[in-house]
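J.: Quick one: structure below, then a few questions.
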Amino acid sequence: MAAIVSGWALLLIGLALSMGGVWLIAVGGSWYFLLAGAGFLISGWQLVNRRRQGLWTYAALVIVTLLWALWEAGLDWWALVPRCSLIVAIGLWLATPWVARSLTAPPQDDAQLPAAGQDWRRSSMPLTMTLALALLVALISLFTAPHAIEGELPPGVAAATPNDSGTLPPGEWHAYGRTGLGQRYSPLDEITPDNVARLEEVWHYHTGDVRGPSDPGETTYEVTPLKVGDTLYLCTPHNIVIALNADTGEQRWRFDANSALNLNRQHQTCRGVSYYAPSAPPADAASPADTGASAANGSCEHRLFVPTADAQLLALDADSGQLCPGFGEHGRIDLTANMPNIKSGFYYSTSAPAVSQREGLVIVGGAINDNVSVNSTSGVVRAYDAVSGELVWNWDPGDPKATEPIAADAAYTANTPNMWSTASLDEALGMLYLPMGNESPDQWGANRPSTTERFSSSIVALDLASGKLQWVFQTVHHDLWDYDVPAQPSLVDLDVGGRRVPALVAPTKQGELYVLDRETGEPVLPVEARQVPQNSRLPDVASPTQPVSKLSFDPPALSGKAMWGATLFDQLACRIMFHGLNYQGRYTPPSTRGTLVYPGNFGVFNWGGIAVDPERQVAFTTPSYLAFVSTLVPREDATSLEVSDGSPGPGLNENFGAPFAVSLEPFLSPLGLPCQQPPWGYVAGADLKSGEIVWKHRNGTVRDLAPLPLPFKMGVPDLGGPVMTAGGVAFISGTLDYYVRGYDVTSGEELWKARLPAGGQATPMTYSDSRGKQTLLVVAGGHGSLGTRTGDSIIAYQLPD
1068 MAAIVSGWAL
1078 LLIGLALSMG
1088 GVWLIAVGGS
1098 WYFLLAGAGF
1108 LISGWQLVNR
1118 RRQGLWTYAA
1128 LVIVTLLWAL
1138 WEAGLDWWAL
1148 VPRCSLIVAI
1158 GLWLATPWVA
1168 RSLTAPPQDD
1178 AQLPAAGQDW
1188 RRSSMPLTMT
1198 LALALLVALI
1208 SLFTAPHAIE
1218 GELPPGVAAA
1228 TPNDSGTLPP
1238 GEWHAYGRTG
1248 LGQRYSPLDE
1258 ITPDNVARLE
1268 EVWHYHTGDV
1278 RGPSDPGETT
1288 YEVTPLKVGD
1298 TLYLCTPHNI
1308 VIALNADTGE
1318 QRWRFDANSA
1328 LNLNRQHQTC
1338 RGVSYYAPSA
1348 PPADAASPAD
1358 TGASAANGSC
1368 EHRLFVPTAD
1378 AQLLALDADS
1388 GQLCPGFGEH
1398 GRIDLTANMP
1408 NIKSGFYYST
1418 SAPAVSQREG
1428 LVIVGGAIND
1438 NVSVNSTSGV
1448 VRAYDAVSGE
1458 LVWNWDPGDP
1468 KATEPIAADA
1478 AYTANTPNMW
1488 STASLDEALG
1498 MLYLPMGNES
1508 PDQWGANRPS
1518 TTERFSSSIV
1528 ALDLASGKLQ
1538 WVFQTVHHDL
1548 WDYDVPAQPS
1558 LVDLDVGGRR
1568 VPALVAPTKQ
1578 GELYVLDRET
1588 GEPVLPVEAR
1598 QVPQNSRLPD
1608 VASPTQPVSK
1618 LSFDPPALSG
1628 KAMWGATLFD
1638 QLACRIMFHG
1648 LNYQGRYTPP
1658 STRGTLVYPG
1668 NFGVFNWGGI
1678 AVDPERQVAF
1688 TTPSYLAFVS
1698 TLVPREDATS
1708 LEVSDGSPGP
1718 GLNENFGAPF
1728 AVSLEPFLSP
1738 LGLPCQQPPW
1748 GYVAGADLKS
1758 GEIVWKHRNG
1768 TVRDLAPLPL
1778 PFKMGVPDLG
1788 GPVMTAGGVA
1798 FISGTLDYYV
1808 RGYDVTSGEE
1818 LWKARLPAGG
1828 QATPMTYSDS
1838 RGKQTLLVVA
1848 GGHGSLGTRT
1858 GDSIIAYQLP
1868 D
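Here my numbering is used: the first residue of the sequence shown is 1068, the next is one more, and so on.
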């Protein structure tokens, strides 16, 4: 009876695989699934008729599947599992006595069955041997790492720390990337690869600001706190600014900007505040809270600049948390001033402003909701006097030469590229570096003026004092993929070709790390103009070439072989979908058919950026890989909803006024898993002088992504940034499992991890407390659009005394 039931099950599986296999062949895919379906059908028919040849046919199917899987995937465990697991699991059942004893060869009458049933071992022997072979291959593949790069980064060299990072006390963290250079590097060296495993939690603070049911979907904790003197400064998603005792985590003061909720906002977050002191405190200075007269009279001698979700720039007294009355209008600047097409909730600021201590300037850009309308507001970048709040200069991509402050009755150019991330600055050179986003709509650019598009998805260098344009380097020509420059560039001096070059390292969504001379914008590492797909039949013509850096994390192009799924069935579905999409590799133009965009606009690198060690001249990176599907949807008119459901919100991706809306979704299987095979996330170390990726390891588990909390190390995306230290250790907390991890910078080996109470999608930082103890600080509050667990935790770790 077991054989008959099993046979019917095989017939159903065979029918499904055969039908799907015919469909896959019709769209140009693999013949395997049709052949496998035939194998199931033949084996199932034989088992229904109680013939032992059914087991032999199934054994042949196991061998064919194993050979096919090895040919397509090699000894890659997570690629072999969906190809073989179902077939092996069924084979293990068929090889049991309950099935084999009910078979004969071929039955003539029922009286022969008991005698024939005694020969079940011989009947199942071929199948048993093939299953043993499959399990041996699985065991071998479990201990291989076909995607890894093994190596060691060069040791540190005796070199002067570049620019202003040398003037900052080692235990301080005064800007979003520690300094205006954006290196995310600390000269502290108490924590080393030898002792990092001993780190333990020393205090835990709860901000009390948690995501609520009325919040926008992407309400996220992405803040990197500052440390000045003995005080920590941070902001929360709802623009509450908090000062903490850096030794104990005890709250010193709290300021609520009272930025009302608005569902029109695409993002509800605050990535950081900025610090300004006209005369920076010396290395042994006390906290601003202990500087006597400043604290007594609230003079705002030391101040924080806070971007808000309702498009304001606030100046707070760092001592008391009170608004600085002499800045702007009672401590506030309205960032909607002189802005065209302003609508509540569609323009705001999420990233820490850049602050020039030398020039006394605070420089701010702004976030514009993606793909809502062709009539969005301006991407202007503005510099204000850090004391008075007076507008000093404005750089408008639509009028880049007119940097003197705009007239009160004038308006900036509408619908221009914007800087939603944080700028870097070089005080010594007197230059500012803007990571620019794309001009909206992201996937349709036929009507973009060439005067503004030259700044889309580019790095723009300005004179720090005047805002005058110095140079521009475009990372994507005619960007149709939302490949913004998402992260603050890292500035570092490199020893290349026998000379020291003032360099800029810019990570991008498409996976390039452009290494440029920050004085001229010329490449330090070679950049090749590479031919890219040109198959669009729409009026919007893509650029024939794109710039590709020697230091590139661009993944191999996808193919049918790279499709994945938890089972053979959803892998089959992914292959059918893959062959039905428009895809000729990276930079395939959008289409009405649906274009596979890989890397997707989630980005190989996003706002968290990279960490750079200025002495070793190396980078610690966290590349992520997820494919997206971009489909242009013809619009009937300028107002109808084509891709959104009409619920409260900004109408993302509707592109009102353009000929097409855009449907933009991750490329997922019917089970909601990525259709491309893992790993989806890595840690990697790069030598910035040679442009070589020296090591690369999959990173993170699916413990908090799978229905069961299984800690399979498949390599998951990281959204957040790394921090590196002079001790040779790097830290990240942004992987989609809830851990903070420490790594050996030299080899990339994971040395330590600690469980977090929520998603840690922020960049950690490190500082020293009043005793000189190095402290690691982690923010864990979750990420709305990623679905990680929400929270409000600020956690400090130290080595035990």
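Glycine included, C-beta positions come from ideal geometry on N, C-alpha and C. Values in this document were obtained by computation on a predicted structure and should not be read as measured data.
What did DSSP end up calling Pro1508 once you bin it into helix, strand or coil?
T.: Coil at Pro1508, not helix or strand.
J.: Can you name the residues that DSSP bridges to Arg1702?
T.: BP columns for Arg1702 are empty, so no partner.
J.: Can you give the Cα-Cα distance for Gln1684 and Gly1827, rounded to whole angstroms?
T.: When rounded, the distance between both Cα atoms is 27 Å.
J.: The beta strand (DSSP E) that contains Val1845, what's its start and end?
T.: That run of the beta strand (DSSP E) goes 1841-1847.
J.: Within the stretch 1085-1149, note down every full alpha helix (DSSP H) run reaching 4 residues or more, in order along the chain.
T.: Here the runs fully enclosed are 1099-1115, 1120-1140.
J.: DSSP three-state label for Asp1637, please.
T.: Correct three-state label for Asp1637: helix.
J.: Quick one: what's Cys1302 bridged to in DSSP?
T.: Its beta-bridge partners are Val1308.
J.: Given this structure, state the Cα-to-Cα distance separating Ala1225 from Arg1585, to the nearest angstrom.
T.: Low per-residue confidence applies at Ala1225: pLDDT is 48, beneath 50, and the placement is therefore not dependable enough to give any value.
J.: DSSP on Gln1175, reduced to helix/strand/coil?
T.: Here the model assigns Gln1175 a pLDDT of 49, short of 50, so the residue's position is not dependable, and the following value carries that caveat. Three-state DSSP puts Gln1175 in coil, outside helix and strand.
J.: In the DSSP assignment, the beta strand (DSSP E) including Ala1162 goes from what residue to what residue?
T.: Where Ala1162 is concerned, there is no enclosing beta strand (DSSP E), given that its DSSP letter is neither H nor E.
J.: Between Trp1145 and Lys1628, what straight-line distance do the alpha-carbon atoms span, to the nearest angstrom?
T.: Their backbone Cα atoms lie some 13 Å apart in a straight line.
J.: For Ala1751 and Ala1847, what's the separation of their Cα atoms in angstroms?
T.: Going from the Cα of Ala1751 to the Cα of Ala1847 covers about 23 Å.
J.: Just curious, the beta strand (DSSP E) that Pro1759 is in, first and last residue?
T.: A small correction: the amino acid at residue 1759 is Glu; Pro does not occupy that position in the sequence shown. Glu1759 -> beta strand (DSSP E) spans 1759-1765.
J.: Just confirm the distance between the C-beta atoms of Ser1610 and Val1594, as a whole number of angstroms; I'd bet it's less than 8 Å.
T.: So it is not a contact: roughly 14 Å between Cβ atoms.
J.: In whole angstroms, give me the CA-to-CA distance for Asp1771 and Tyr1654.
T.: Looking at the two C-alpha atoms, the distance is approximately 32 Å.
J.: What is the DSSP secondary structure of Gly1809, counted as helix, strand or coil?
T.: Of the three classes helix, strand and coil, the one that applies to Gly1809 here is strand, per DSSP.
J.: Let me confirm a value: Thr1211 is counted as buried when at least 16 other C-beta atoms fall within 10 Å, else exposed. Which label applies?
T.: Per the 10 Å Cβ criterion, exposed.
J.: Mind listing, in chain order, the continuous beta strand (DSSP E) runs of no fewer than 3 residues lying wholly within the stretch 1636-1691?
T.: Qualifying beta strand (DSSP E) stretches, in chain order: 1662-1664, 1678-1680, 1685-1688.
J.: Helix, strand or coil: which one does DSSP assign to Gly1748?
T.: DSSP places Gly1748 in strand when its eight states are reduced to three.
J.: So if DSSP puts Gln1379 in a beta bridge, which residue, or which two residues, is it bridged to?
T.: In the DSSP output, where bridge partners are listed per residue, Gln1379 has Asp1401.
J.: So Ser1445 packs on Pro1407, CB below 8 Å; how close in whole Å?
T.: About 6 Å separates the two Cβ atoms, so the contact holds.
J.: Could you tell me if Asp1261 is buried or exposed, where buried requires 16 or more neighbouring beta carbons within 10 angstroms of its beta carbon?
T.: Asp1261 should be labelled exposed.
J.: Taking the straight line between their C-alpha atoms, what separation do you get for Val1769 and Tyr1805?
T.: Taking the straight line from one Cα to the other gives about 10 Å.
J.: Measure the Cβ-Cβ separation of His1334 and Ala1434 and say whether it is below 8 Å.
T.: Closer than 8 Å, so yes.
J.: CB-CB under 6 Å to Gly1395, same chain, minus the five flanking residues each way: which ones, in chain order?
T.: Counting only Cβ-Cβ distances below 6 Å, and skipping sequence neighbours, we find Gly1456.
J.: On the three-pair Cβ rule with 8 Å, is the stretch 1309-1328 touching the stretch 1384-1400?
T.: The stretch 1309-1328 is in contact with the stretch 1384-1400.
J.: For the alpha helix (DSSP H) containing Thr1792, name the first residue and the last one.
T.: From DSSP, Thr1792 is part of no alpha helix (DSSP H) but of the beta strand (DSSP E) over 1790-1792.
J.: Beta-carbon separation of Pro1149 and Gly1632 under 8 Å?
T.: Going by C-beta atoms, Pro1149 is nearer than 8 Å to Gly1632.
J.: Cβ of Gly1870 within 8 Å of Cβ of Pro1553?
T.: Because the chain is modelled from 1068 through 1868, residue 1870 falls outside the range shown and cannot be assessed.
J.: Do you know how far the Cα of Ile1258 is from the Cα of Asn1312?
T.: Approximately 21 Å, taken between the alpha carbons.
J.: In chain order, what residues of the same chain lie with their CB nearer than 6 Å to the CB of Leu1853, ignoring the 5 residues before and after it?
T.: Same-chain partners within the cutoff: there are none.
J.: Take Pro1778 as the anchor and find which of Pro1789, Asn1766, Cys1641 has the nearest alpha-carbon.
T.: Per the Cα distances, Asn1766.
J.: Against chain B, with Cβ distances strictly below 8 Å, would Arg1245 count as a contact?
T.: Given the protein chain composition of this structure (a single chain), no chain B is represented.
J.: Would DSSP call Glu1579 helix, strand or coil?
T.: The answer is strand: DSSP assigns Glu1579 an E or B state.
J.: Would you call the stretch 1522-1538 in contact with the stretch 1635-1653, where contact means no fewer than 3 C-beta pairs closer than 8 Å?
T.: In short, these stretches do not touch, since the Cβ pair count stays below three.
J.: Specify the secondary structure class of Met1498 as computed by DSSP and reduced to three states.
T.: Of the three classes helix, strand and coil, the one that applies to Met1498 here is strand, per DSSP.
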